[in-house]
Amino acid sequence: MAEMETYPAVRTGDGDILEARAVPVEERVHPAQKPLGLVMRLIEKSVQPGASIVDPFCGSGTTLAAAKTLGVWYLGCDIEEAYVQDARERVRNTQMLLPGLMMGQAEMTLGGD
């Protein structure tokens with residue numbers, strides 16, 4: 002059996018468990034839609050400055066909107082054209098909190114073009 006590499010635990014200062022309320026069913030665009038605030042916290046805790054995010058199953062675009070909000074480069078696609086259109090619209094309507102907070106620039110590319 003191969004030995005697994007071990008890495009030191011990284012303390013975030015706010016505990017190891019993130020809590021968030023689910024997106025209410027009546028407000029969901031996609032059946033697996035995640036809360037924007039939760040995805041933003043995950044990005045803040047796991048994405049290094051200068052890194053990019055790829056979401057190959059972007060669905061409603063939550064990850065892309067969170068990345069744009071934080072100024073992180075992002076790329077998303079989905080097999081369902083309806084979800085691609087919904088994600089495009091969502092990202093278009095998303096504002097960066099602080100342009101360049103993590104990267105300096107953000108960009109969206111979605112399949113279907």
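For the sequence shown, position 65 (counting from the first letter as 1) is numbered 66 according to our numbering, and the numbering increases by one without interruption.
In this text, a Cβ means the ideal position worked out from N, Cα and C, and glycines have one as well.
Closest option to Arg42, judged by alpha-carbon separation, among Ile80, Asp79, Ala88 and Thr64: Thr64.
Across the set Arg93, Ile80, Glu45 and Gln49, the C-alpha of Arg93 shows the shortest separation from the C-alpha of Ala66. About 7 Å separates the CB atoms of Tyr75 and Ser53; that is less than 8 Å, so the two are in contact.
Ranked by how close their Cα comes to the Cα of Lys35, the residues Gly51, Gly72, Arg89 and Cys59 have Cys59 in first place.
Collapsing the DSSP output to three states places Val30 in coil.
For Asp79, the three-state secondary structure derived from DSSP is coil.
With contacts defined by Cβ atoms closer than 8 Å, Leu19 and Leu39 form a contacting pair. By the neighbour-count criterion, in which 16 or more other beta carbons inside 10 Å mark a residue as buried, Ala33 falls on the exposed side.
Put simply, of Glu27, Pro57 and Ile44 the residue whose alpha carbon is nearest the alpha carbon of Asp79 is Pro57. Rounded to whole angstroms, the separation of the alpha carbons of Val85 and Arg22 is 25 Å.
Ile54 is bridged by DSSP to Tyr75.
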